[in-house]
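Enquirer:
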Amino acid sequence: MKITLPEDEIMEKGHMACLGCGGALAMRYLLKALGRKTMVAIPACCWAVIPGVFPYSCLEVPLQYVAFEATGAAISGIEAALKAKGKKEGTTVVGWAGDGGTLDIGIQALSGAVERGHDVKYVCYDNEAYMNTGIQRSSATPKGAWTTTTPVGNTRFWKKTNKKNIVEIMAAHDIPYTCTASVAYPEDLIKKAKKMKDIKGPCYMHIYAPCPTGWKYPPEKTIELSRLATETCIFPIYEVTYGKYKLNKNIRDEKKKPVLEYLKTQGRFRKLDEETVQSIQHYVDDEWIKLKKKVECFGEEK
Amino acid sequence: MGLLEIRWHGRGGQGVVTASELLAEAAILEGNFIQAFPEFGPERMGAPIKAFTRVSDEPIKIHSQVYSPDIVMVLDPTLIGQVEVTEGLSDDGILFVNTHMSADELKAALGFEGKIYTLDATKIAMETIGRPVANTSCAGALVKFGEVVKLENLLKVTEEKFKEKLPQKAIIANKAAIEIAYKEVTV
Amino acid sequence: MKKVLSGNAAAAYGSKLARAEVISAYPITPQTKIVEKIADLIAVGEFETEFVKVESEHSAMAAAVSASLVGARTFTATSSQGLLLMHEILHWASASRTPIVMVNINRALAPPWSVWADHTDTVAQRDTGWMQFYCESCQEVLDTMLQLYKIAEDKDVMLPAMLSEDAFLLSHTSEIVDMPDQDMVDDFLGSFEPENIMDVDNPMSFGSLSMPHQYFYEFRYKIAEAMEIARSKILEVEKDFEKRFGRSYGGFIDLYRCDDAEIVLVAAGSMSSTIRVAIDELREKGEKIGLARLRVFRPFPIEEFREIAKKAKKIGVLDRSFCFGYEGAFFTEIKSALFDIDERPIVKGYVVGLGGRDVTLDVIHEIIDDCQATTDTRTEPFKWIGLSR
Amino acid sequence: MPDEYEIVYKTYKDLPLSPIAKGKSLVFKTGSWRTMKPKLVLENCKKCGICWKYCPDVSILIVDDYPKIDYNYCKGCGICANECPFDAIVMVEEDSK
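Chains as they are written, first to last, in numbering that gives the first Met the number 0: chain A, 0 to 301; chain B, 0 to 186; chain C, 0 to 388; chain D, 0 to 96.
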């Protein structure tokens with residue numbers, strides 16, 4: 000058998016994630032990379048439920064459930080305590096939060112934690128809405144998406160603004176390492192997680208983690224759709240290491256797929272009009288050009 | 000001795016609170032009980048502020064503000080006419096003002112009938128410390144007429160309190176300011 | 000060693016003497032001198048601790064909870080708006096059974112902006128599962144901090160504890176404080192050794208989801224039970240502390256000239272000192288008045304108040320806070336504690352000192368006069384004292 | 000402690016101080032959630048490992064170098080069948096044999 004990932008399963012079977020959950024896959028990969036000497040803090044999000052009810056857990060690493068907006072502070076506290084106890088060496092401290100807990104309610108604590116320079120790794124698994132509470136829009140919800148608070152009927156009340164670019168916000172904090180990853184590319188994700196583990200200082204990873212329940216697509220499509228997100232340049236795979244930009248999945252112009260191909264796969268975009276699809280395409284094109292410029296201007300030296 | 004209440008007037012940044020604390024710390028060395036506190040509220044550089052010292056030979060129970068001080072210390076001459084420095088001060092009380100004016104001139108200006116002492120403490124500060132910070136020299140003057148603490152104890156706590164914060168040169172200068180003020184203030 | 004310390008400095012030295020391993024705090028007037036003093040002590044090499052300078056009080060408490068679960072002795076300090084921002088995590092701390100010790104400088108809540116003494120901030124936290132202590136002097140602040148670590152970390156208690164001191168009246172007032180020797184404190188406190196900690200070699204999950212039919216209800220009962228156990232620990236620790244350090248504060252209630260008192264005033268915090276002065280004056284005239292200083296508000300001293308009520312004819316309760324739509328919280332709770340006894344004294348409430356309004360000797364005398372004149376509380380159960388009408 | 004050990008607390012006194020979970024999620028047999036079932040067609044299998052890699056339920060085991068589905072836990076999402084490039088996994092109705 001061709002094995003391309005570490006074999007140790009630190010996330011166990013019997014968890015409570017929905018069928019085809021991208022967030023579950025993301026955790027499985029992350030822990031494979033980081034190993035068992037890892038401590039995790041998880042705020043309110045799907046992952047507050049996925050490990051299972053008391054007294055059970057699917058995670059074979061120490062885990063703290065923390066308040067919704069508190070992940071950044073919690074991992075700061077864990078790291079400080081480990082240092083005080085002389086136990087920090089060799090232990091990776093991870094904050095693991097959804098997009099709402101990261102881009103919205105938790106952004107202050109996250110910003111504070113990385114600015115202070117704690118040796119913590121913050122990972123956001125992005126399913127683009129408040130999924131645990133039943134699919135309400137967050138600032139990570141893309142333009143045009145249906146959610147229960149951006150309902151789409153005859154009113155066309157879909158989300159009107161673009162997704163908040165948290166990755167650039169984090170890169171702007173001048174931290175050692177910021178990256179994106181996708182469940183479609185676990186080898187890349189694991190490589191990046193290992194890199195974070197080796198870096199002493201705050202790192203941020205943003206994982207694209209599709210949600211069949213919230214996005215209205217059949218669960219078997221999770222990986223297919225994730226690949227499409229990158230191939231359309233909606234979710235580029237890149238990293239910023241000490242300020243240097245690098246594209247990990249370059250999409251050549253001729254291979255770049257139209258966003259419509261991606262939008263069509265999901266029920267949440269079902270009623271979009273031509274004009275909105277066009278505006279999404281323009282936005283994605285612009286952002287892609289910007290990113291490529293950054294790689295060109297601030298890339299790693301050849 | 001009973002309870003002695005001292006009110007200090009100055010401006011934010013002039014070391015008013017420090018003066019109130021120096022006196023309190025010196026009083027402890029003589030076996031007395033003390034309280035020292037600033038005017039309650041945010042302090043602003045340059046704005047008129049107050050600080051308080053309570054000294055007693057018995058434990059001090061009270062925790063409210065000072066309303067009728069026995070001694071008022073005015074560290075900044077420009078406060079005269081701007082702040083009611085004699086508020087709550089009875090004619091049995093003592094008023095000290097850092098100024099080049101004479102006690103009689105002040106008496107006329109303030110209409111205060113109690114004892115008034117004056118001293119150009121800023122001049123002493125300029126000559127010793129090199130900056131117009133008259134808190135230590137005013138405290139030195141208080142030793143003379145206030146009969147609260149001994150000079151040697153004020154000098155001792157000044158050394159103690161400043162040793163973490165100021166270079167040795169500055170400590171010597173502050174102590175000199177105290178001694179000169181003590182000598183020059185006329186009782 | 001005797002030192003001149005403000006209430007704030009006493010709190011900072013308390014954290015040092017207790018050897019707090021992690022401190023997470025955010026500055027707020029009038030608490031700032033605590034964090035500044037701690038920073039100073041670290042800077043000069045006198046205090047070895049992990050000081051996390053968080054970006055909000057919410058994060059201060061969240062970081063403290065997380066650090067405590069890793070097994071570190073933790074400390075934080077705040078005031079007023081900051082305490083209210085922490086509110087969510089205060090519940091988190093008690094339900095996680097993290098014995099965090101916090102100093103809160105009692106300050107009014109805005110609007111209008113006011114940085115002065117008021118107990119509304121801590122009274123509003125009475126249901127968070129924290130023990131609550133109110134102090135009267137800088138010495139008591141330091142001593143109580145040490146006691147609180149011992150009580151909070153007791154294996155049968157394991158609850159967080161909050162120490163309250165009045166804005167400026169204590170936080171910024173310098174007094175003589177006897178600093179105990181580090182060796183004696185170490186011997187008294189010992190180290191923090193919780194049973195379960197976050198440990199990579201023994202992975203556990205802290206705070207898992209509990210279904211309605213499972214254990215949530217039982218976990219809440221365990222907190223209630225721990226609070227009851229804390230009652231005896233508070234007294235035990237006070238005794239032990241007195242034996243070692245020679246100072247004590249009466250446990251739950253600090254009684255002053257109450258033995259034969261017909262009128263007992265109840266108050267918390269710095270205004271108690273002013274009440275003592277008033278009582279001394281009136282005792283000279285032969286009036287039988289005493290003070291029961293409420294030192295511990297949670298767990299509430301039910302039996303202690305029943306004892307006082309057996310002897311006193313009247314109890315006057317001073318609240319430096321107000322529960323809108325009802326009355327002062329201390330007043331309500333004391334009356335409730337006395338509900339089951341056969342012969343109740345007259346209990347009257349007084350609202351004083353909100354927003355730092357000075358509680359002067361005149362105010363206390365007005366209250367005592369009113370108490371003496373009161374024969375019936377049905378028409379006017381409580382009064383606002385000194386209101387401009 | 001056995002992996003699938005069920006923990007029962009008879010009284011509140013037996014409980015830990017706070018909700019500290021020490022048990023493993025293996026007690027939850029999530030296979031019962033399934034309506035569709037992946038079925039291996041081993042003759043097509045090229046041992047590429049893709050099904051193992053993409054299983055969110057950690058329910059594809061490697062036994063004797065071949066994939067084996069753990070039906071105790073597999074929720075039947077179908078990612079494995081969708082991603083298999085060689086049609087070595089097909090989805091079938093849960094009750095069909």
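For glycine and all other residues, C-beta sits at the position ideal for the given N, C-alpha and C.
Taking CB distances under 9 Å as the criterion, tell me whether A:Met169 reaches chain C.
Expert: As a first step, residue 169 of chain A is located in the first sequence; it is residue number 170 there, counting from the start. Not one chain C Cβ lies under 9 Å of A:Met169.
Enquirer: Which of helix, strand or coil does DSSP assign to B:Met125?
Expert: For the purposes of this step, residue 125 of chain B is taken as residue 126 along the second sequence, with counting starting at 1. In the structure shown, B:Met125 sits in a helix (DSSP, three-state: H, G or I).
Enquirer: Are the Cβ atoms of D:Tyr72 and D:Gly22 separated by less than 9 Å?
Expert: Start at 1 with the first residue of the fourth sequence, and residue 72 of chain D comes out as number 73. Start at 1 with the first residue of the fourth sequence, and residue 22 of chain D comes out as number 23. No, these two residues do not count as a Cβ contact at 9 Å.
Enquirer: Does the beta carbon of D:Met0 come closer than 9 Å to any beta carbon on chain C?
Expert: Here residue 0 of chain D refers to the residue found at position 1 of the fourth sequence. Low per-residue confidence applies at D:Met0: pLDDT is 46, beneath 50, and the placement is therefore not dependable, though the value from the model is reported in the following sentence. No, no contact with chain C.
Enquirer: Could one say the Cβ of C:Phe218 lies closer than 9 Å to chain D's Cβ atoms, at least one of them?
Expert: The sequence position of residue 218 of chain C within the third sequence is 219, counting from 1. Yes - at least one Cβ of chain D is within 9 Å of the one on C:Phe218.
Enquirer: Check whether the region 47-56 of chain C touches the region 97-109 of chain C, taking contact to mean three or more Cβ pairs, one atom from each stretch, closer than 8 Å.
Expert: The region 47-56 of chain C vs the region 97-109 of chain C: no contact.
Enquirer: Helix, strand or coil for C:Gln131, going by three-state DSSP, please let me know.
Expert: Position 132 of the third sequence, counting from 1, holds the residue named residue 131 of chain C. Residue state, collapsed to three classes: strand.
Enquirer: Using the Cα positions of A:Val92 and A:Lys120, report the straight-line distance between them to the nearest angstrom.
Expert: Here residue 92 of chain A is taken as the residue at index 93 of the first sequence, counted from 1. Here residue 120 of chain A is taken as the residue at index 121 of the first sequence, counted from 1. Cα to Cα, A:Val92 sits roughly 6 Å from A:Lys120.
Enquirer: If we call anything under 9 Å between Cβ atoms a contact, is D:Glu93 one with D:Lys36?
Expert: Walking along the fourth sequence from the start, residue 93 of chain D turns up at place 94. Walking along the fourth sequence from the start, residue 36 of chain D turns up at place 37. In this structure, D:Lys36 lies closer than 9 Å to D:Glu93 by Cβ.
Enquirer: Unbroken alpha helix (DSSP H) runs of length 4 or more, entirely within the region 171-234 of chain C: which are they?
Expert: Segments of the alpha helix (DSSP H) lying fully in the region 171-234 of chain C: 181-188.
Enquirer: Checking 9 Å against the spacing of the C-beta atoms, do C:Gly268 and C:Ala116 come in under that value?
Expert: Taking the first residue of the third sequence as position 1, residue 268 of chain C is located at position 269. Taking the first residue of the third sequence as position 1, residue 116 of chain C is located at position 117. In contact: C:Gly268 and C:Ala116 (Cβ atoms closer than 9 Å).
Enquirer: Need the endpoints of the beta strand (DSSP E) that C:Thr143 sits in, please.
Expert: Counting from 1 along the third sequence, the entry for residue 143 of chain C is found at position 144. Looking at the DSSP string, C:Thr143 is not in any beta strand (DSSP E); the run it does join, the alpha helix (DSSP H), is Cys137 to Ala151.
Enquirer: Taking only the alpha-carbon atoms, compute the straight-line gap between A:Lys84 and A:Asp118 and give it to the nearest angstrom.
Expert: As a first step, residue 84 of chain A is located in the first sequence; it is residue number 85 there, counting from the start. As a first step, residue 118 of chain A is located in the first sequence; it is residue number 119 there, counting from the start. Straight-line Cα distance between these residues: approximately 15 Å.
Enquirer: Taking just the CA atoms, how far does D:Ile78 sit from A:Lys220?
Expert: Looking up residue 220 of chain A in the first sequence gives position 221. Looking up residue 78 of chain D in the fourth sequence gives position 79. Straight-line Cα distance between these residues: approximately 7 Å.
Enquirer: Check whether the region 196-210 of chain C and the region 31-39 of chain A are in contact - that is, three or more C-beta pairs closer than 8 Å.
Expert: Output reads yes: the region 31-39 of chain A touches the region 196-210 of chain C.
Enquirer: With which residues is C:Asp318 paired in a DSSP beta bridge?
Expert: To locate residue 318 of chain C, count along the third sequence from 1; it is residue 319. For C:Asp318, which the question treats as bridged, DSSP gives the partners C:Val350.
Enquirer: Measuring alpha carbon to alpha carbon, tell me which residue in C:Pro344, C:Glu280, C:Phe240 and C:Ile288 is nearest C:Ile262.
Expert: By 1-based counting over the third sequence, the position of residue 262 of chain C is 263. The candidate whose alpha carbon is nearest that of C:Ile262 is C:Ile288.
Enquirer: Any idea what DSSP makes of C:Trp383, helix, strand or coil?
Expert: By 1-based counting over the third sequence, the position of residue 383 of chain C is 384. Strand, per DSSP.
Enquirer: In or out: A:Ile2 buried (at least 16 other Cβ within 10 Å) or exposed?
Expert: As a first step, residue 2 of chain A is located in the first sequence; it is residue number 3 there, counting from the start. Answer is exposed; the Cβ neighbour count stays below 16.
Enquirer: Using beta-carbon positions only, say whether B:Thr85 and B:Thr98 come within less than 9 Å of one another.
Expert: Looking up residue 85 of chain B in the second sequence gives position 86. Looking up residue 98 of chain B in the second sequence gives position 99. No, the pair does not count as a contact, with Cβ atoms beyond the cut-off.
Enquirer: Any beta carbon from chain B within less than 9 Å of C:Ile175's own beta carbon?
Expert: What you label residue 175 of chain C is simply residue 176 of the third sequence in a count that begins at 1. Closer than 9 Å to some Cβ of chain B, the Cβ of C:Ile175 qualifies, so yes.
Enquirer: Quick one: which chain C residues come within Cβ less than 9 Å of A:Leu58?
Expert: Indexing the first sequence from 1 puts residue 58 of chain A at position 59. By Cβ distance, chain C contributes Pro202 and Ser204.
Enquirer: Going straight from the alpha carbon of C:Asp198 to that of A:Val60, what length do you get?
Expert: Within the third sequence, residue 198 of chain C is the residue found at index 199, counting from 1. Within the first sequence, residue 60 of chain A is the residue found at index 61, counting from 1. Their backbone Cα atoms lie some 8 Å apart in a straight line.
Enquirer: Per DSSP, C:Asp165 is paired with what?
Expert: Locating residue 165 of chain C in the third sequence gives position 166, counting from the first residue. Paired residues: C:Asn105.
Enquirer: Hey, D:Lys45 and D:Ala87: beta-carbon distance below 9 Å or not?
Expert: The residue you call residue 45 of chain D lines up with position 46 of the fourth sequence. The residue you call residue 87 of chain D lines up with position 88 of the fourth sequence. Yes, the Cβ-Cβ distance between D:Lys45 and D:Ala87 is below 9 Å.
Enquirer: For A:Leu29, is the classification buried or exposed, using 16 other Cβ atoms within 10 angstroms of its Cβ as the cut-off for buried?
Expert: Residue 29 of chain A sits at position 30 when you count from the first residue of the first sequence. That one is buried.
Enquirer: So C:Tyr255 and C:Ile222 are supposed to be a Cβ contact under 8 Å. How far apart are they, rounded?
Expert: Along the third sequence, one-based indexing puts residue 255 of chain C at 256. Along the third sequence, one-based indexing puts residue 222 of chain C at 223. Rounded, the Cβ-Cβ distance is 33 Å, inconsistent with contact.
Enquirer: DSSP beta-bridge partners for D:Glu92?
Expert: As a working note, residue 92 of chain D is residue 93 in the fourth sequence. Bridge partners of D:Glu92: D:Met35.
Enquirer: Taking C:Cys322 as the reference, give the member of C:Leu40, C:Leu353, C:Cys137 and C:Asp368 with the closest Cα.
Expert: Start at 1 with the first residue of the third sequence, and residue 322 of chain C comes out as number 323. That would be C:Leu353, whose Cα lies nearest to the Cα of C:Cys322.
Enquirer: Quickly, what does DSSP pair B:Trp7 with across the bridge? List them, please.
Expert: The residue given as residue 7 of chain B occupies position 8 in the second sequence. Answer is B:Ala50 and B:Met72.
Enquirer: Quick check on the burial criterion: 16 or more other C-beta atoms within 10 angstroms. Buried or exposed for B:Ile59?
Expert: The residue given as residue 59 of chain B occupies position 60 in the second sequence. Under this definition B:Ile59 is a buried residue.
Enquirer: Terminal residues of the continuous alpha helix (DSSP H) containing A:Val119?
Expert: Counting from one through the first sequence, the residue named residue 119 of chain A turns up at place 120. From DSSP, A:Val119 is part of no alpha helix (DSSP H); its letter is neither H nor E.
Enquirer: Residues of chain A with a CB under 7 Å from the CB of C:Glu56: which are they?
Expert: Looking up residue 56 of chain C in the third sequence gives position 57. Going along chain A, no residue has its Cβ under 7 Å from C:Glu56, so there is no contact; the nearest lies around 10 Å.
Enquirer: What does D:Leu25 reach in chain A if we use C-beta pairs closer than 9 Å?
Expert: As a position in the fourth sequence, residue 25 of chain D is number 26, starting the count at 1. Those are Glu11, Lys12, Gly13, Tyr55 and Cys57, listed as they occur along chain A.
Enquirer: Would you check if the distance between the CB atom of D:Ile68 and the CB atom of D:Leu60 is smaller than 9 Å?
Expert: Position 69 of the fourth sequence, counted from the start, is the residue given in the question as residue 68 of chain D. Position 61 of the fourth sequence, counted from the start, is the residue given in the question as residue 60 of chain D. The answer is yes: Cβ separation under 9 Å.
Enquirer: Closer than 7 Å, Cβ to Cβ, to anything on chain B: give me those residues from the region 103-136 of chain C, in chain order.
Expert: The residues in question are Val114 and Trp115.
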